[in-house]
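Report on the structure given below.
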Ligand code: 6PG
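Residue numbers (my numbering): 9 to 478.
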């Protein structure tokens with residue numbers, strides 16, 4: 009007799025924590041893992057939740073253990089392992105069952121899997137889960153895409169285990185096919201931008217203001233009580249305060265300045281480019297991580313150009329806080345603009361206000377700011393966040409500070425790739441008269457690409473010299 013409400017395959021850290029979260033919410037869960045020993049180990053270490061968990065080493069028995077229509081979460085490494093798992097599961101599934109894939113998958117892979125399984129009568133949900141290990145165990149933010157009918161079967165469980173913001177679950181169905189994984193990808197791109205801009209501000213504190221990590225930590229702790237209140241600002245305060253037990257030195261001073269990346273940030277920059285939506289903060293953050301990894305080259309170049317001047321930056325901490333806020337507004341405006349365009353292109357009808365809402369708790373980019381964004385969408389904002397009335401007020405107050413910090417960075421020779429990208433975007437976005445008229449002239453000169461003249465229409469051409477003198 010099938011007794012499990014849901015199944016889960018893949019008992020690595022994220023899978024195990026999700027399974028425990030589901031069990032803790034009173035659901036009976038069947039679990040399976042490729043390495044069978046891991047199943048017993050997991051069940052035996054589940055303590056009081058053990059009675060809610062049924063471990064099955066045989067895949068067919070695992071599937072039979074789940075009540076129909078079945079909801080089966082797969083939490084395996086993104087890429088080929090997901091396709092292999094789908095193929096293994098398929099012969100055991102029946103019409104109406106659903107596979108719920110919760111890894112960081114590329115949304116086009118999810119689109120493909122959705123299109124493959126739908127005609128077979130098998131539901132496919134591509135679900136973004138954010139919040140790291142802690143989130144998976146105690147309440148992640150859950151971004152669902154895929155088969156709507158099967159979503160309704162899994163909805164009670166996924167809603168129960170999600171983080172709650174003032175009682176509202178941070179879990180929602182966002183659209184067909186790869187919509188959920190797409191939104192998670194943009195979440196990660198925004199995460200990259202937030203982290204990079206925070207690191208840039210730390211750089212101003214360290215190199216421009218001569219602050220030590222403890223002093224910087226205190227500032228971030230203070231900022232966490234204001235408009236920048238967020239998980240990433242909070243953990244930054246903790247990271248900066250941490251002392252290495254072996255040396256007694258600030259840990260952050262010992263960590264090599266080479267950032268890793270698994271690819272989701274890069275995907276969001278690529279998709280933004282494909283959609284022709286400028287996401288310069290995300291692009292800057294991805295590039296900054298890549299540049300950080302080129303440690304040897306950077307050290308060699310520093311030897312050639314010399315160290316930056318040690319002059320103190322003429323910046324106050326209040327200005328720095330406002331600059332970060334302005335950078336953040338631009339970054340989110342860009343990320344949401346990418347989602348709006350992708351929604352149009354893919355026919356997803358992404359609910360942008362709901363996305364802001366389900367990011368208010370559980371996920372890595374959770375912040376007070378997202379509550380303001382959700383409110384702006386609720387008030388009917390649909391275009392770029394930079395023109396939403398509440399954000400216009402915030403930005404009018406904050407952009408002069410961003411300007412001061414970026415100028416100080418340029419003169420003081422400390423790099424601010426994302427903050428300066430945010431400022432350039434803002435200045436370009438609010439500029440009624442740009443300079444692309446000259447680009448159009450150049451394009452027409454060498455390629456007869458044509459240009460538009462107001463009152464004369466498109467496809468106009470200039471009379472250019474046929475030969476160039478020296
Ligand atoms: C989350 C995170 C998570 C991501 C890590 C690492 O929302 O919980 O986005 O999914 O895997 O942040 O990403 P990078 O290794 O690319 O920094």
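The C-beta atom is built at its ideal place from N, Cα and C for all residues, glycine as well.
- Taking the Cα positions, residue 166 is about 10 Å away from residue 81.
- Counting only runs of at least 3 residues, the segment 77-103 fully encloses the following beta strand (DSSP E) elements, listed from N- to C-terminal order: 79-82.
- For residue 9, the secondary structure class from DSSP, reduced to helix, strand or coil, is coil.
- Residue 467 sits in a strand when the DSSP states are folded into three classes.
- DSSP places residue 434 within a helical segment (H, G or I) once states are collapsed to three.
- Relative to the non-hydrogen atoms of the ligand 6PG, the Cβ of residue 199 comes within a distance shorter than 7 Å of at least one.
- The straight-line gap separating the alpha-carbon atoms of residue 190 and residue 271 is approximately 13 Å.
- Counting along the chain, residue 19 sits inside no beta strand (DSSP E), nor does DSSP assign it H or E at all.
- Taken in chain order, the whole alpha helix (DSSP H) runs of length 4 or more contained in the segment 210-289 are 221-231, 239-249, 259-262 and 272-282.
- Under the three-state reduction of DSSP, residue 40 is assigned to strand.
- Here the distance from the Cβ of residue 138 to the nearest heavy atom of the ligand 6PG is below 7 Å.
- Look at residue 269: its beta carbon is less than 7 Å from one of the heavy atoms in the ligand 6PG.
- With respect to residue 219, residue 213 sits close: the two C-beta atoms are nearer than 8 Å.
- In this structure, the beta-carbon distance from residue 107 to residue 132 falls below 8 Å.
- Between the ligand 6PG and the CB of residue 196, the shortest heavy atom gap is smaller than 7 Å.
- Residue pairing from DSSP places residue 132 in a beta bridge opposite 107.
- When distances are taken from the beta-carbon of residue 272 to the heavy atoms of the ligand 6PG, the shortest one is below 7 Å.
- Closer than 7 Å to some heavy atom of the ligand 6PG: that does not describe the Cβ of residue 108.
- When distances are taken from the beta-carbon of residue 143 to the heavy atoms of the ligand 6PG, the shortest one is below 7 Å.
- Distances from the CA of residue 299 to each of 327, 268 and 275 were compared; the closest alpha carbon is that of 268.
- For residue 317, same chain residues with a beta-carbon under 8 Å away, outside a window of 5 residues either side, are 420 and 421 in chain order.
- Going by C-alpha positions, residue 85 is about 26 Å away from residue 354.
- Judged by their CB atoms, residue 229 and residue 211 are not nearer to each other than the 8 Å cut-off.
- DSSP places residue 334 within a helical segment (H, G or I) once states are collapsed to three.
- Counting of Cβ neighbours within 10 angstroms places residue 327 among the buried residues, the total reaching 16 or more.
- Judged by DSSP secondary structure, residue 180 falls within the beta strand (DSSP E) whose first and last residues are 179-183.
- In this structure the segment 359-373 does not lie against the segment 435-454, because fewer than three pairs of beta carbons, one per stretch, are closer than 8 Å.
- Residue pairing by DSSP places residue 172 opposite 177 in a beta bridge.
- Distances from the CB of residue 372 to the heavy atoms of the ligand 6PG include at least one below 7 Å.
- By the Cβ criterion, the segment 338-350 is not in contact with the segment 230-243, since fewer than three pairs of Cβ atoms, one from each stretch, lie closer than 8 Å.
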